[in-house]
Amino acid sequence: MRQRTIRFNIYQAFFLIVFITGVGISFNFFYGSTRSILTLSDQITSEMSGKIIERTTGFLNSPATYTKVVANLVDAENIVEIREEMWCLMWQLMTVTPYIQSIFIADKQGSYVQVRREPRLSTRIIDRSVEPPVEEWIYRDADYNIIDKETKIPDFDPRTRPWYLKTDSTAQNYWTDVFVFTTAQTPGISVTYPALDERGELLAVACVNTPLHSLSDFLGEQRVSKNGIVFILNDKDQIVAFPDPAVSFKKDSSTGEQRLISIFELETPWITEALRKHKRKKTHKVTTVTNKKRFITTIVPFPKTFVSNWKIVIIIPESDLLGSVYDMVKRAILITLLIFSLAFFTIYYFTNQISRPIMKLAQETELIKDFNLEEIRGVQSKIKEVDVMNRALLAASHGLQAFKKYVPADLVRQLIQTGKEARLGGKKAELTVFFSDVKDFTPLSESMLPDDLMVHLSEYLNTLSQIIMAENGTIDKYIGDAIMAFWGEPIVQPDNPLRACRAALQCHKKMVTLNSHWQSQGKPILETRIGIHTGDVIAGNVGSDDRMNYTIIGDNVNLTSRLEPANKIYGTKTIISQNTHQYVSDKFICRPLDIIMVKGKTQGVKIYELVADKDDELPVQRIQFCDLFSEMFQLYLAQKWSDALQILEKLAVEFNHDQSIRLYIQRCRYFLKNPHSLPADWDGTMPIAVP
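Position 646, counted from 1, in the sequence shown is what the UniProt record's numbering calls 646; the numbers after and before it change by one each time, with no gaps.
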């Protein structure tokens, strides 16, 4: 039998394994990645179309709601008499919704009340209750101040417009087709709602004009791929929204007016060819080839419940999807070759680490055979099996050596200062209540000697107490490691919430210094959590004639005591209530945390994290975090789980240690999967089990 060395056998086995693994991974990667990316493209297309439908629906919901609000203001046949009220309402609605072009109402006499954004901020009225009729334009600035006026005889009768004619006495919204607005010369859509009298007869028609360039801007931000495109068509194949808004309309050569264009008028062959094939095949997904490039086109219709028969068109060059796969396969081949090279040197090194001691052991064994025991030195190796063999060899050698011998081989003072007589009883007052506690104090107290614990705790309580009293706060009591304090009694101050918040921030700053000092002495550090709430309580003396306690009682005291431990849920240091926040929001940086319902309460309480004084120098990243979290919270309250989750996931990258981010990610994901788990009148309130 032909014998081979152990080194040769190891080389052969390693190279065979590397070769099979490299080829197998490359082959599986190519086909697996191709299928995965094509499947992923379908998922991305589905998610994007859903996002666009959701955005578009939301985009049109506000104008539809506004028409109802405006229509409900009409309680007489002559809308001119209430034009001022209507202007104010319409102006407010238009201001809070920047994408609305104009809001107006027309009655059956032809009178007309309007506010408009384009081409200039203005209010407009056409009064046909007088003879002759009068049309007045009042031009305004962004603060509703009048800057110019213009009066003329009207040449416009709203009763002849399609939006008026299309609206009848049925209480519902009516939508027009997409058209180019006459004044603004931009494409848009109008929605109306009838104003009815007590008999259900039509008094007037309220209408909102919404230009669609905001939808186009939104589409311009969407990127399904490097060169992919997304746009919206109506049932006439006219462009409703396009990444480049200027593409969706042009001047008609015969009339000289702006009009919507058909998708087939575009001078972009790969788009028009894709739509032509879709029309021929009548399928929602088609593949076309233009200039030797393949394009995957997906058409997703809007739901039947939508206001118009629109459809989303998503066109992606196949090379955008698979080009990266080809590049990765090439890189995989190069990596495989590199692995081969590295494997050769690695195998060479480790083979020597194995074969050399084995060969040495073989040679030592030969010495035993020859009974040359004095020349046996053993073999040093990190390989366990070789070391076992070496010890066995040495043991055998030593045994033979012995045998050879035989055979040749961490209030009182304030009450006195106020001069008030101590009597039983109290009074109702709005105070700011403060509760503090030490994080994880119980295990800490168990780890220290009683005398050491009392000295350590006293130093901590003294430090926080000095800060509270410096802000004219009243310390009610110490409850172990906790402090209960309040502002407003017996010293009446107009800025109680500000003082309490200032004290809280100073406490945290002081604890940083104190903890650093304790650490240097080998003492445990103490982390403080604080809860602050402003509300009506009963303040005064309770107890007996012989022994009294100046304190506060009431439901708001109980609420404050539950805000402090709530910090543990959100990983925060100081939580303040909505009542406190309304007094301090212009002085301190706060971020909304939640709307909670604690034990003993029947209504939710909005809470905030007290972050910093606005005069303090705060890192830009922290300010941006608070702004983004506040934006996320508004989306969360609006039940826009996906939009809120996008912001949360962005924040989690840089602030992955923040406990509140993880909490809201968990909530949003749950509500996305369980959209009907919340009541219809949900206002954001969550029941919280306070630790």
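Backbone N, C-alpha and C define an ideal beta-carbon position, used for all residues, glycine too. From a predicted model like this one, the values you see are computed outputs, not experimental measurements.
So, with DSSP's three-state summary, where would you put residue i?
i, result
"residue 695", "This structure cannot settle anything about residue 695, because the visible part of the chain is limited to 1 through 691."
"Gln417", "Here the model assigns Gln417 a pLDDT of 46, short of 50, so the residue's position is not dependable, and the following value carries that caveat. Gln417: helix per DSSP, three-state reduction."
"Val412", "Caution applies to Val412, whose pLDDT of 49 falls short of 50 and renders its modelled position unreliable; the model cannot decide the point."
"Phe218", "helix"
"Arg294", "strand"
"Asn209", "strand"
"Leu127", "A small fix is needed here, since residue 127 is Asp in this sequence, not Leu. Strand, per DSSP."
"Arg199", "coil"
"Lys673", "helix"
"Ala539", "strand"
"Arg391", "helix"
"Val70", "helix"
"Tyr570", "helix"
"Asp627", "helix"
"Trp310", "coil"
"Leu453", "helix"
"Ser122", "strand"
"Val289", "strand"
"Lys279", "helix"
"Pro187", "strand"
"Glu471", "coil"
"Leu266", "coil"
"Trp137", "strand"
"Ala504", "helix"
Below 8 angstroms on the Cβ atoms is my contact criterion, and I expect residue i with residue j to pass it. Report the Cβ-Cβ distance as a whole number of Å.
i, j, result
"Ile595", "Met686", "7 angstroms"
"Pro303", "Lys311", "Going by Cβ atoms, the distance from Pro303 to Lys311 rounds to 11 angstroms, so no, they are not a contact pair."
"Val134", "Thr151", "7 angstroms"
"Val180", "Leu266", "Between Leu266 and Val180 the Cβ distance is about 17 angstroms, and since that is not below 8 angstroms, they are no contact."
"Phe434", "Gly488", "Phe434 to Gly488, Cβ: 11 angstroms. No contact."
Using the C-alpha atoms, what's the distance from residue j back to residue i?
i, j, result
"Arg120", "Tyr139", "7 angstroms"
"Ile153", "Ile82", "21 angstroms"
"Leu645", "Asp452", "47 angstroms"
"Ile147", "Lys226", "47 angstroms"
"Met90", "Gly543", "59 angstroms"
"residue 712", "Met94", "One cannot answer for residue 712 here, as it falls past the ends of the chain, which runs 1 to 691."
"Leu415", "Val653", "Since pLDDT at Leu415 reaches only 49, below the 50 mark, its modelled position is unreliable, and no value is offered."
"Asp437", "Thr560", "12 angstroms"
"Lys573", "Leu610", "8 angstroms"
"Ile483", "Leu444", "18 angstroms"
"Thr528", "Ile475", "16 angstroms"
"Gln109", "Thr97", "30 angstroms"
"Asn556", "Asn515", "32 angstroms"
"Gln578", "Lys477", "25 angstroms"
"Arg61", "Lys68", "The question names Arg, yet the displayed sequence has Asn at residue 61. Approximately 11 angstroms between the Cα atoms of the pair."
"Asp168", "Met48", "36 angstroms"
"Met454", "Asp495", "34 angstroms"
Would residue i pass as a contact of residue j if the rule is Cβ separation under 9 angstroms?
i, j, result
"Phe218", "Arg55", "yes"
"Gly684", "Tyr636", "yes"
"Val178", "Gln101", "no"
"Val74", "Asp107", "yes"
"Asp194", "Thr176", "Note on residue identity: the sequence assigns Pro, not Asp, to residue 194. Contact: no."
"Arg591", "Phe633", "yes"
"Gly554", "Gly535", "yes"
"Ile589", "Asp613", "yes"
"Ile126", "Pro162", "no"
"Ile296", "Ile315", "yes"
"Thr580", "Thr442", "no"
"Lys293", "Trp270", "yes"
Would you mind sorting residue i into buried or exposed? The rule is 16 or more other CB atoms within 10 Å of its CB.
i, result
"Asn209", "buried"
"Glu617", "exposed"
"Asp143", "exposed"
"Gly531", "buried"
"Gly188", "buried"
"Leu337", "exposed"
"His284", "exposed"
"Gly480", "exposed"
"residue 764", "Outside the shown range of the chain, which is 1 to 691, sits residue 764, and nothing can be said about it."
"Pro317", "buried"
"Thr268", "exposed"
"Leu233", "buried"
"Thr287", "exposed"
"Asp410", "Low local confidence applies: a pLDDT of 33 at Asp410 is under 50, so the model's placement there is unreliable, and no value is given."
"Cys507", "buried"
Mind checking if residue i is an interface residue toward chain D, Cβ cutoff 9 angstroms exclusive?
i, result
"Ile333", "In summary, chain D is missing from the structure at hand, where a single protein chain is found."
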